[in-house]
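Below is one structure, written out as structure tokens; comments come after it.
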Amino acid sequence: MELFIFPFKSMGCPCELRIYAGQKHQAQLAAKACMDEATRFEQKYSRYLDSSAATEINRSAGIKPVEIDAETYAILKYAGVCYEQSNGLFDISSGVLRHVWHAQRGELPSEDEILRHLNLVGWEKVELSDQNIFLPISGMELDFGGIVKEYAADAIAALARTMSIRHGLVNLGGDISIIGPQVNNRPWPIGIVHPTIADTAISVIHLANGALATSGGYERYVEIAGKRYSHLINPQTGWPVESLLSVSVVAEQAVVAGSVSSIALLQGEQLGLNWLSTIGLKYLAIDADLHCNGAVGRDSFSSGSPSAHE
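Residue numbers for the sequence shown follow our numbering, so the first one is 38 and each next one is one higher.
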């Protein structure tokens with residue numbers, strides 16, 4: 038069997054499929070189906086597209102409920118589980134806070150401005166059933182970005198398996214779902230991007246199955262009055278979080294790995310590390326001193342490995 042690599046872009050991120058197949062035509066057919074599926078998720082859940090389900094939900098806030106399908110309900114229901122298990126830190130209604138923290142402003146927001154936006158945040162306000170969803174306050178928003186990319190990675194890996202692909206991986210902007218091990222059951226080496234040195238990996242994780250997701254505040258930030266602030270915002274205080282540089286988590290599903298890594302970051306450095314040590318999943322957490330904490334990722338980086346970063 039031969040390894041075929043298909044780079045593409047989706048959801049604003051560089052993506053990649055690595056597929057072993059007996060024939061190039063088989064790999065191309067599977068890759069096209071997988072890339073089409075990634076496009077479908079982007080068109081359905083991107084808040085940047087006027088025609089997306091996400092935009093319709095947000096546009097109808099304070100006006101009317103919006104009908105949803107089973108897939109959207111499953112994603113939203115899982116978001117609710119994450120909200121409960123994180124004591125409200127993982128909240129997909131908190132995206133509205135991005136209007137407060139942006140690079141265009143030259144000074145810090147006032148407490149009044151933050152409070153006005155916090156009044157629009159709170160998953161507990163959302164009215165959800167398996168038929169529809171309603172955001173009861175005009176101006177409320179849902180941002181699927183913190184969950185749908187990982188959900189899509191799992192769905193695409195499952196799709197590839199239905200097309201008789203047994204060895205491969207899906208990489209959506211660093212959220213990785215394993216289709217199956219490399220030939221001869223060899224695990225995939227996955228490089229963890231160094232938080233401070235460009236084009237370098239700080240470690241590598243080997244996976245034959247399951248999934249890996251990495252979250253970090255080092256790549257995306259806003260600079261206000263000469264200081265950098267993370268894009269990760271605590272939905273309870275309205276302020277950016279000072280936390281670990283990055284957290285990578287291994288789980289059976291990418292959507293679980295991604296939510297766990299995000300929740301850990303939102304707790305701050307020490308609380309996040311304490312929590313990670315109790316959840317029973319393998320992880321690699323990089324702190325501000327570039328120390329690697331956790332049970333995975335102790336090997337040196339292998340050049341050419343797919344990389345995991347947010």
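Heads up, the beta-carbon is just placed ideally off N, CA and C, and yes, glycines get one too.
Around E306, the same chain offers E279, S280, L281, D324 and A325 as residues with beta carbons nearer than 8 Å, after the five sequence neighbours per side are excluded. For T315, the three-state secondary structure derived from DSSP is coil. Look at G295 here: in three-state DSSP terms it is helix. In the DSSP annotation of this structure, the continuous segment of the beta strand (DSSP E) that includes I42 starts and ends at E39 to S47.
In this structure, the CA atom of V230 is about 7 Å from the CA atom of S240. Distances from the CA of Q80 to each of D73, M72, E74 and S89 were compared; the closest alpha carbon is that of S89. With distances taken between CA atoms, V118 lies nearest to I184 out of H154, S97 and I184. Non-local C-beta neighbours of R198 in its own chain, meaning closer than 7 Å and more than five positions away in sequence, comprise I216, ordered along the chain. Listed in chain order, the alpha helix (DSSP H) runs fully inside the segment 139–201 are 148–155 and 185–199, counting runs of at least 4 residues.
In this structure I213 touches A248 by the C-beta definition: roughly 6 Å separates them, less than 8 Å. Contact between S314 and S252 does not hold, since their C-beta atoms are separated by about 17 Å, which reaches or exceeds 8 Å.
Of the residues assessed, S175 falls on the exposed side of the cut-off, its CB having fewer than 16 other CB atoms within 10 angstroms.
Sorting A250, V284, N156 and H139 by C-alpha distance to the C-alpha of A262 places H139 at the top.
Secondary structure note for H62: it is in no beta strand (DSSP E), and the uninterrupted alpha helix (DSSP H) holding it is K61 to Y82. Boundaries of the beta strand (DSSP E) harbouring T251: A248 to G253, taken from the DSSP string. DSSP lists E260 as the beta-bridge partner residues of R265. Scanning N124, L155, E187 and S47 for the CA closest to the CA of Q290 turns up E187.
Where A238 is concerned, the enclosing beta strand (DSSP E) starts and stops at A238 to L244. Here the segment 125–136 does not lie against the segment 198–208, with fewer than 3 beta-carbon pairs under 8 Å apart. Between L172 and V163, the C-beta spacing is below 8 Å. Going by C-alpha positions, E178 is about 23 Å away from V293.
Per DSSP, the continuous beta strand (DSSP E) segment holding I213 begins and ends at D212 to G217.
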